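The structure under discussion appears below in the form of structure tokens.
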Amino acid sequence: MLKRFYELRNEIADFMKIKDKPLSELSDPKWICNLAFLVDLTGYLNYLNFKLQKQGQLVNDLYSHLKAFQIKLRLWESQMLSRNCYHFNTLSAYENIAYAQYVEELKLLSEQFSNRFSDFKNMEDCFSLFVTPIKYNVQNAPIHLQMELIEIQENSLLKYKFEDVELCDFYKKYLEEDNFPQLRKFARRLICAFGSI
28 MLKRFYELRN EIADFMKIKD KPLSELSDPK WICNLAFLVD LTGYLNYLNF KLQKQGQLVN
88 DLYSHLKAFQ IKLRLWESQM LSRNCYHFNT LSAYENIAYA QYVEELKLLS EQFSNRFSDF
148 KNMEDCFSLF VTPIKYNVQN APIHLQMELI EIQENSLLKY KFEDVELCDF YKKYLEEDNF
208 PQLRKFARRL ICAFGSI
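Residue numbers for the sequence shown follow the numbering used here, so the first one is 28 and each next one is one higher.
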């Protein structure tokens, strides 16, 4: 919606003049430049939102999307500090870009993401264990999971199946409740989307 408004800004300005209600903002180069920045940033946020809402993802996938976006924010911030707005296509069409202002906006957004998703950051080791139980360092695992991890890591069939099947299927089909109760409980708690593991 914001992008469409930006694209029609001249027509909107003309229409408002005809209605005898001119909008001075639409002829202010600084305001238009800020709008261009928001158009680009909103486009990235919309794309992140789209990726987060995709069906069939596990919590570690969502965390990967969030982490990647936070890294992008830091990249954009660094590039803006260097007066580079390459990744902001709409903004790059303008001169007199308020780089320092946009650096601050990106920094603020990055801080908000860090605060909002700090629970995910605190669970990063759990996600890593969940996604790579075959390679996870047993010494670093929670003590109640260590024995079962050793069993998985030393079982050639399970190692093969882990590489060959979807992660959900590995926990559902190949880790029997009798032999791996703690790992299955761990997976159930971590991921609600599993259904009946």
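Even for Gly, the Cβ is constructed at its ideal location relative to N, Cα and C. Remember, predicted model here, so these are calculated numbers, not experimental data.
Check, Outcome
"Restricting to Cα atoms, I'd like to know which of Ile177, Lys188, Ile218, Asn76 is closest to phenylalanine 207.", "Ile177"
"Answer yes if the segment 110-119 comes into contact with the segment 61-71, meaning at least three C-beta pairs across the two stretches below 8 Å, and no otherwise.", "yes"
"Could you tell me the distance, in whole angstroms, from the CA atom of glutamate 131 to the CA atom of lysine 99?", "15 Å"
"Can you tell me whether isoleucine 224 is helix, strand or coil according to DSSP?", "Any reading at isoleucine 224 must be qualified, since the residue scores a pLDDT of 40, below 50, and its modelled position is unreliable; the value itself is stated next. Isoleucine 224: coil per DSSP, three-state reduction."
"Mapping DSSP to helix, strand and coil, what is threonine 69?", "helix"
"Tell me which residues share the same chain as arginine 101 and place their Cβ nearer than 7 Å to its Cβ, disregarding the 5 neighbours each side in the sequence.", "Ser137"
"So, helix, strand or coil for valine 158, using DSSP?", "helix"
"Would you call arginine 31 buried or exposed, if buried means 16 or more other Cβ atoms sit within 10 Å of its Cβ?", "exposed"
"Just to confirm the assignment: which complete alpha helix (DSSP H) runs, minimum length 4, are found wholly within the segment 35-94?", "36-45, 56-79"
"Check whether the Cβ atoms of glutamine 97 and serine 141 sit closer than 8 Å, and answer yes or no.", "yes"
"Near tyrosine 126, what residues of its chain come up, given a Cβ to Cβ distance below 6 Å and the 5 sequence neighbours on each side ignored?", "Met107, Arg110"
"Inspect the CB distances between the segment 139-155 and the segment 74-94 and report whether three or more fall short of 8 Å.", "yes"
"Could you give the distance in angstroms between the alpha-carbon of lysine 48 and the alpha-carbon of leucine 217?", "55 Å"
"By the 10 Å Cβ neighbour count, where 16 or more other Cβ atoms means buried, how is glutamate 181 classified, buried or exposed?", "exposed"
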